Amino acid sequence: MTRSLNLVITLGSKTRAEEFFDALAIARRVYELDITLSWQWTKTDLESFEKALKTSSVSILRLDPGEFQKSATRKTLLTSSRYEVLVRIMEIGNMKAIHIALPPDLTKFSYLQPRRSSQLHQLSFKIQPQSIGAGVYRVPTNSLKFNTTLTALDLRDNFIGKEGALVLSKALKTNTTLTTLNLRGNSTGKEETLELSKALTTNTTLATLDLSHNSIGIEGVEALSEALKANRALAALNLLDNSIEKEALMLSEALKANTTLTILDLEYEPFAKEELWCYQGPISH
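The numbering of the sequence shown is our numbering, which starts it at 19 and goes up by one.
Shown next, in the form of structure tokens:
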């Protein structure tokens, strides 16, 4: 019986990368690859990786591309060129799932969309943690309106702010492919939660939402509760470490009307757990 391999590797130099790409191209048992490019690569390097993937057996890819080369003596790799190579990787016939950790200058999701049919079932992006600010954040969230392949978005620790939450909320109202959204540790307060709750009342595809390690407040809990009464898609909601106490009574009422939420994480919320104890249903918390 042939055993498949799950390979995790960090490439720290061009020389090592060339050796690995040559080996990957002829490997027949590596089906899952988790790769980090930790040197300043060029367009040629990324194209070499693409070429190796085309003849490899890899069908699940996790890629952290790191930084491209900005040497004054060499031509800078144009942003559009990097988008093009990443899209071609997504279009490789045997790819079924791809997760990419995007650097700050590669967040136009509308550019990261396969142009032809492929076997890709799961596509997820993670924006590296930073204080990206509302202005920068507008670019990826606006792009959600037009991207029809992205299934998961990880924005943890990015401090999106009120304006970012507003833009994201508008995108979620029309997006029909995103199923997982991580907003952990974004300093999300009541105003941001109010905007997101509006989107949840109409969104029909988002199944997992992580709002842990935020400060959503009483009004935020109230807004979420009202959204849960109408929402028929969300299956898992993480509210860990939000200082929720008696506001949990509002969640309890919402859960009586909601038929799809099965996981509610209230870890580090002992008072909230007590308030919810009276609720008897299929929910796990």
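Using N, Cα and C, we set each Cβ at its ideal position, and we do this for glycine too. Predicted, not measured: the structure shown is a model, and the values here were computed from it.
Exercise for review: Name, in chain order, the residues that DSSP records as bridge partners for residue 86.
Suggested key: Answer is 59, bridged to residue 86.
Practice item. Could you give the DSSP three-state label for residue 94: helix, strand or coil? Key: At residue 94, the pLDDT of 46 sits below 50, so the modelled position is not reliable; the number obtained from the coordinates is stated separately. Note: residue 94 maps to coil in three-state DSSP.
Practice item. Can you give me the start and stop residues for the alpha helix (DSSP H) that residue 38 sits inside? Key: In the DSSP assignment, residue 38 falls within the unbroken alpha helix (DSSP H) covering 32 to 44.
Exercise for review: Could you check the C-alpha separation between residue 276 and residue 250 for me, to the nearest Å?
Suggested key: Near 7 Å, if we compare the C-alpha coordinates of residue 250 and residue 276.
Check your understanding: Can you check whether the CB of residue 206 is closer than 8 Å to the CB of residue 169?
Key -> No, the pair does not count as a contact, with Cβ atoms beyond the cut-off.
Practice item. Check each candidate in 241, 173, 127, 54 and name the one with the smallest Cα separation from residue 145. Key: Nearest of 241, 173, 127, 54 to residue 145, Cα basis: 173.
Review point. From which residue to which residue does the beta strand (DSSP E) around residue 115 run?
Key: Where residue 115 is concerned, the enclosing beta strand (DSSP E) stretches over 115 to 120.
Point to revise | Cβ distance (whole Å) where residue 191 is taken to contact residue 217 below 8 Å | key: Right, their Cβ atoms sit about 5 Å apart.
Review point. Around the C-beta of residue 142, are 16 or more other C-beta atoms found within 10 angstroms, so that it is buried, or is it exposed?
Key: With 16 or more other Cβ atoms within 10 Å, it is buried.
Check your understanding: Just curious, the beta strand (DSSP E) that residue 144 is in, first and last residue?
Key -> Counting along the chain, the beta strand (DSSP E) containing residue 144 begins and ends at 140 to 145.
**Study point:** Complete runs of the alpha helix (DSSP H) confined to the segment 152 to 201 [at least 4 residues]
**Key:** Counting whole runs of 4 or more residues, the segment 152 to 201 contains the alpha helix (DSSP H) stretches 179 to 192.
Check your understanding: Going by beta carbon distance, what residues of the same chain come within less than 8 Å of residue 39, once the five residues before and after it are set aside?
Key -> For residue 39, where only same-chain residues beyond five positions count, the Cβ hits under 8 Å are 66, 67, 69, 70.
Point to revise | Run of the beta strand (DSSP E) containing residue 76, from where it starts to where it stops | key: Element bounds for residue 76: n/a, residue is neither H nor E.
Review point. Between the C-alpha atoms of residue 259 and residue 234, what's the straight-line distance to the nearest angstrom?
Key: If I take the Cα positions, the gap works out to 10 Å.
**Study point:** C-alpha distance - residue 215 paired with residue 22, whole-angstrom precision
**Key:** One alpha carbon belongs to residue 215, the other to residue 22, and they sit about 43 Å apart.
Check your understanding: Who are the Cβ neighbours of residue 99 in its own chain at under 6 Å, not counting the five residues just before and after it?
Key -> Here the set comprises 61.
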